[in-house]
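Novice: Throughout the sequence shown, residue numbering follows UniProt numbering, covering 1 to 270 in sequence.
Supplied in structure tokens, the structure appears directly below.
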Amino acid sequence: MKRSERLSRESKTARSNTQNTPHYNTYYQPVGAPPKKRRGKGIFFKIVIGLIIIAALFFGLMYALSSKANVDDLNTIKDKSTYVPVSDMPSYTKGAFISMEDERFYDHGAFDVKGIFRALFSTLSDHNVQGGSTISQQVVKNYYYDNEKSFTRKIKEIIVASRMERQYSKNDILSFYINNIYYGDNQYTIEGAANHYFGTTTVKNSQNMPTITVLQSAILASKINAPSVYDVNDMSQNYVNRVKINLEKMKQQGYIDESQYKTALAQLGV
1 MKRSERLSRE SKTARSNTQN TPHYNTYYQP VGAPPKKRRG KGIFFKIVIG LIIIAALFFG
61 LMYALSSKAN VDDLNTIKDK STYVPVSDMP SYTKGAFISM EDERFYDHGA FDVKGIFRAL
121 FSTLSDHNVQ GGSTISQQVV KNYYYDNEKS FTRKIKEIIV ASRMERQYSK NDILSFYINN
181 IYYGDNQYTI EGAANHYFGT TTVKNSQNMP TITVLQSAIL ASKINAPSVY DVNDMSQNYV
241 NRVKINLEKM KQQGYIDESQ YKTALAQLGV
């Protein structure tokens with residue numbers, strides 16, 4: 001047999017054997033079978049998308065409702081007869097309010113994430129409910145939403161406070177705050193309260209009245225938490241302790257020095 005014929009026959013035999021040999025694939029599923037659907041994963045994504053849509057609609061509604069608050073209206077606070085901007089006050093007077101209410105006031109925006117977590121930690125660890133609102137948020141609450149108590153108010157409060165922060169300086173916002181809160185005895189500005197309770201003025205270097213002292217500033221800043229309970233003329237032990245804490249904070253944050261701190265404590269009688 002010729003070599004070419006022998007090679008041709010061997011090739012045909014090999015092809016025949018190959019066709020008769022069963023083939024196997026390495027897929028987990030047979031070729032052509034549709035993949036199994038992962039129902040759990042699909043449901044999870046649908047839930048997530050649904051929650052995102054609901055959240056977007058909710059915040060859209062809150063934004064629309066908060067747009068009714070015109071931050072230009074805050075300028076009307078300046079029309080009060082006893083309005084005094086913080087730039088005209090001693091630094092310790094504005095420091096008394098910052099130390100007590102929002103020590104990071106000049107460092108954050110409309111809301112303070114650190115302050116919220118600090119308040120939450122204090123509430124959980126000391127079982128003493130602490131507020132996490134910034135001074136900016138309190139300005140908005142007092143002016144626009146004073147009688148509204150709800151979760152939605154908090155959202156609107158933050159949105160409006162963010163707009164306010166973009167339009168006004170920090171000193172403007174602080175001035176709005178301490179000139180639009182209740183100090184008791186029908187007093188709603190710090191100048192009016194200083195005149196009424198102490199016969200002093202918050203205007204530094206005034207030629208007409210004595211200037212408010214460190215202790216008097218701390219007393220007024222400590223009073224706004226419960227203006228109808230804390231009596232300036234008959235201070236309870238809780239009130240005295242609150243003022244003392246405020247003085248300590250004022251010293252720690254550099255609004256008063258050691259000498260001023262000791263003088264205030266002596267005047268407080270502790």
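Glycine included, C-beta positions come from ideal geometry on N, C-alpha and C.
How would you call Asp73, buried or exposed, if buried means at least 16 neighbouring beta carbons within 10 angstroms?
Specialist: exposed
Novice: Mind checking Ser87: buried by the 16 CB within 10 Å criterion, or exposed?
Specialist: exposed
Novice: I'd like the span of the alpha helix (DSSP H) that includes Arg166, first residue to last.
Specialist: 151 to 167
Novice: Suppose contacts are defined by Cβ-Cβ distances below 9 angstroms. Is Ala221 in contact with Asn246 by that definition?
Specialist: yes
Novice: In angstroms, rounded to a whole number, what distance separates the CA positions of Ile256 and Arg104?
Specialist: Distance between the alpha carbons of Ile256 and Arg104 is about 17 angstroms.
Novice: Which first and last residues belong to the alpha helix (DSSP H) in which Phe97 is found?
Specialist: From DSSP, the alpha helix (DSSP H) with Phe97 extends over 91 to 101.
Novice: Hey, would you say Asn171 sits closer than 9 angstroms to Asn142, going by beta carbons?
Specialist: Between Asn171 and Asn142, the C-beta gap is not smaller than 9 angstroms, which leaves the two residues out of contact.
Novice: So, does the segment 186 to 193 touch the segment 82 to 97, judging by three or more C-beta pairs under 8 angstroms?
Specialist: With a cut-off of 8 angstroms, the segment 82 to 97 and the segment 186 to 193 count as touching, because enough Cβ pairs lie within range.
Novice: Label Arg242 either buried or exposed according to how many other C-beta atoms from any shown protein chain fall within 10 Å of its C-beta, with 16 as the threshold for buried.
Specialist: buried
Novice: Indicate whether Lys244 and Leu268 have their beta-carbon atoms separated by less than 9 angstroms.
Specialist: Their beta carbons are under 9 angstroms apart, which means Lys244 touches Leu268 by this criterion.
Novice: With H, G and I counted as helix, E and B as strand and the rest as coil, what does DSSP make of Thr201?
Specialist: strand
Novice: Check whether the segment 200 to 211 touches the segment 151 to 165, taking contact to mean three or more Cβ pairs, one atom from each stretch, closer than 8 angstroms.
Specialist: No, the segment 200 to 211 does not touch the segment 151 to 165.
Novice: Mind checking which residues open and close the alpha helix (DSSP H) that includes Ser87?
Specialist: Unbroken run through Ser87: none, as it is neither H nor E.
Novice: Please list, in chain order, all residues of the same chain as Ile260 whose beta carbon is under 6 angstroms from its beta carbon, the five residues on each side excluded.
Specialist: The sequence as given places Gln at residue 260; Ile does not occur at that position. Once the five neighbours on either side are set aside, the close Cβ partners of Gln260 are Val214.
Novice: DSSP state of Thr263, grouped into three classes?
Specialist: If DSSP states are grouped into helix, strand and coil, Thr263 belongs with the helices.
Novice: Using only CA atoms, which one of Ser236, Gly42, Gln137, Met235 lies nearest to Arg163?
Specialist: Gln137
Novice: Assuming Tyr177 and Val139 form a contact by the criterion Cβ under 8 angstroms, report the distance between their Cβ atoms to the nearest whole angstrom.
Specialist: 5 angstroms
Novice: Considering Leu247, what are the terminal residues of the alpha helix (DSSP H) in which it resides?
Specialist: For Leu247, the enclosing alpha helix (DSSP H) has its first and last residue at 237 to 252.
Novice: Report yes if the C-beta distance between Ile224 and Tyr183 is below 9 angstroms; otherwise report no.
Specialist: yes
Novice: Please state the DSSP three-state secondary structure of Thr211.
Specialist: strand
Novice: With Gln253 and Gly95 assumed to form a contact (beta carbons below 8 angstroms), what rounded beta-carbon distance in angstroms separates them?
Specialist: 7 angstroms
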